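Participant:
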Amino acid sequence: MEKPLQIVITGATGFVAKNLRKYLSESNVHLISISRKNFKAFKNETKIISKTYSEKSLLPKIINSDALVHLVGIGKQSSTESFDSINVNLTQNMVNLTIKAKIKKLVFLSGLGVSPYSSTEYFISKLNAENHIRNSPINFTIFRPSYIVGKDDLFTKYLKKCIKDKMIQIPGSGKYQIQPVYINDVTKLIFTSIKEEKFRKKIIDLVGPDIITFEKYVKLFLKHSKTKISYIDLEKSYNLAIRNSKFDYSVDDLNILVGNFVGNHKKLSKLSNGKFQSVIQLLKTGALL
Numbered sequence: 002m003e004k005p006l007q008i009v010i011t012g013a014t015g016f017v018a019k020n021l022r023k024y025l026s027e028s029n030v031h032l033i034s035i036s037r038k039n040f041k042a043f044k045n046e047t048k049i050i051s052k053t054y055s056e057k058s059l060l061p062k063i064i065n066s067d068a069l070v071h072l073v074g075i076g077k078q079s080s081t082e083s084f085d086s087i088n089v090n091l092t093q094n095m096v097n098l099t100i101k102a103k104i105k106k107l108v109f110l111s112g113l114g115v116s117p118y119s120s121t122e123y124f125i126s127k128l129n130a131e132n133h134i135r136n137s138p139i140n141f142t143i144f145r146p147s148y149i150v151g152k153d154d155l156f157t158k159y160l161k162k163c164i165k166d167k168m169i170q171i172p173g174s175g176k177y178q179i180q181p182v183y184i185n186d187v188t189k190l191i192f193t194s195i196k197e198e199k200f201r202k203k204i205i206d207l208v209g210p211d212i213i214t215f216e217k218y219v220k221l222f223l224k225h226s227k228t229k230i231s232y233i234d235l236e237k238s239y240n241l242a243i244r245n246s247k248f249d250y251s252v253d254d255l256n257i258l259v260g261n262f263v264g265n266h267k268k269l270s271k272l273s274n275g276k277f278q279s280v281i282q283l284l285k286t287g288a289l290l
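In the numbering used here, the protein residues as written are 2 to 290.
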C-alpha cells in the first residue's frame, strides 16, 4: 500500500488553509497544520500551536515531509505587524526550515500584480518573499492569486455584512477589473502542484476564467437584496483609508483594485489540465451567499 503524502500547512486557521486542510484530509493526506491560535483538527491531521513559528520547536515535527504550503501573510500593516516581518521575514524562515527539514516541495501564495516593477509596499514585500524562495535550492511553486472567493472569504464576509447593513460604498467608478478564482479550484490546484513535476520551479498567475469589473461583481452579489450602493470619490477613499483604520478599504485594498490586475487564465488552465468554475455563474446562482 502506497504511503500517504505528508503535507505541512502554515497559517492553518486562514480561509485558504481551512479549505485546503479539509480537501487534503478527505484525500487521505497526512496533515501537519501550524497556527498561532487553537483550532479543531480534521481527520489525519496533527495540530501544532506555535506563537513564534520557531525553528527549534517545529523542525523535529515536520522533518522529511513531502511538502510545505506556506499560507501566512498579511495584506494590511499595523503597529504590531509589518509587511517585512510577516510577508518577508517569516517566509525566509520557512524557506530555511524547508531546507533543514529536508522537505521536498514548498508552495507559496504571493499576489497577482507582483513584479520587479512593483512600487507599493505590499507588492514589494511579496516580491522579496518570492526572491527568497527562488534563490534557494528547493523545489517550489509560487502562485500569484487574484481574489480567492468562497462562502467565507473576507471579501464575501464583507459583502454579506453590507447586505445586513443595507448599504455599500464603492470607491471611485468601480470600473476597475478583477479576476476572482473559486476556492475549490485553488485547493485542487495546490494539491496537483505538489504531486506533478510540471509545476516544478514555476511562478503562476492564479486567476479564474472570468474578468469582471468590481462594480458588476458587487451588483451580482447583491442583486437579490435591497442593499443601497453609493459611490465614494477615489481621492476621498484614499484620505479615509490613510486616516481611519476602520474604513472599509485599506490603502493596499485600493491600490490592488485601482491597479486593474488580471492574469493569463488560459495558461493556467493548460498547465493544470483542468476546468475552472465560473465565479460569475456562482454569483448569478447565489452560491456564494
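Every residue, glycine too, gets a C-beta built ideally from N, C-alpha and C.
As the structure is a prediction and not an experimental result, all values here were calculated from the model.
Determine the direct distance from the alpha carbon of M95 to that of F248, and round the result to whole angstroms.
Facilitator: 33 Å
Participant: Of the choices K41, K196, T142, whose alpha-carbon is the least far from that of L6?
Facilitator: Distance check between L6 and each of K41, K196, T142 places K196 closest, using alpha-carbon atoms only.
Participant: By the 10 Å Cβ neighbour count, where 16 or more other Cβ atoms means buried, how is Y118 classified, buried or exposed?
Facilitator: exposed
Participant: Within its chain, find whatever has a CB closer than 8 Å to the CB of I8; leave out the 5 residues flanking it on each side and keep chain order.
Facilitator: L25, V30, H31, L32, I33, S66, D67, A68, L69, V70, I195
Participant: Here's the rule: buried if 16 or more other CB atoms are within 10 angstroms of the residue's CB, otherwise exposed. What is G287?
Facilitator: exposed
Participant: Considering only the alpha carbon of each residue, which of L91, I230, V17, A18 lies closest to K52?
Facilitator: L91
Participant: Assuming contact is defined by CB atoms lying nearer than 7 Å, are T11 and V73 in contact in what I supplied?
Facilitator: Going by C-beta atoms, T11 is nearer than 7 Å to V73.
Participant: Is it buried or exposed, Y148, if we count other Cβ atoms within 10 angstroms and call 16 or more buried?
Facilitator: buried
Participant: May I have a chain-ordered list of the beta strand (DSSP E) segments no shorter than 3 residues that lie completely inside the stretch 210 to 263?
Facilitator: 229 to 233
Participant: Rounded to whole angstroms, how far is the Cβ of I230 from the Cβ of I171, which I believe are closer than 8 Å?
Facilitator: 6 Å
Participant: Quick check: the Cα distance between K271 and K4, rounded to an integer number of angstroms?
Facilitator: 29 Å
Participant: Considering only DSSP beta bridges, list what Q178 is partnered with.
Facilitator: T214
Participant: Just confirm the distance between the C-beta atoms of F84 and S126, as a whole number of angstroms; I'd bet it's less than 8 Å.
Facilitator: 4 Å
Participant: Note the first and the last residue of the continuous beta strand (DSSP E) segment covering S273.
Facilitator: Not the beta strand (DSSP E): S273 falls in the alpha helix (DSSP H), residues 266 to 273.
Participant: Please check the pair D206 and G76, which I expect to be a contact at CB under 8 Å, by giving their CB distance rounded to whole angstroms.
Facilitator: Not quite, the Cβ-Cβ distance comes to about 18 Å (not below 8 Å), so this is no contact.
Participant: Would the C-beta of N129 count as close to the ligand GTP, meaning under 6 Å from any of its heavy atoms?
Facilitator: Of ligands this structure carries none, so the ligand GTP is not represented either.
Participant: Closest to V280 by CA distance: which of L289, S273, S251 is it?
Facilitator: L289
Participant: Roughly how many angstroms lie between the CA atoms of D153 and Y232, to the nearest whole one?
Facilitator: Their Cα atoms are separated by approximately 25 Å.
Participant: Measuring straight from C-alpha to C-alpha, what distance separates N185 and P210?
Facilitator: 14 Å
Participant: When the Cα of I212 is compared with those of F262, G173, M168, A242, which residue comes out closest?
Facilitator: F262
Participant: Rounded to the nearest angstrom, what separates F141 and L128 at their Cα positions?
Facilitator: 15 Å
Participant: Is the separation between the beta-carbon of F144 and that of L110 shorter than 7 Å?
Facilitator: yes
Participant: From the DSSP secondary-structure annotation, give me the bridge partner or partners of H1.
Facilitator: One cannot answer for residue 1 here, as it falls past the ends of the chain, which runs 2 to 290.
Participant: Just verifying my parser: in three-state terms, what is the DSSP assignment at L155?
Facilitator: Residue state, collapsed to three classes: helix.
Participant: What do you get for P61, buried or exposed, if any count of 16 or more other CB atoms within 10 angstroms of its CB means buried?
Facilitator: exposed
Participant: Starting from the Cα of Q93, find the closest Cα among S58, R135, K267 and give me that residue.
Facilitator: R135
Participant: Give the range of the beta strand (DSSP E) segment to which V70 is assigned.
Facilitator: 68 to 71
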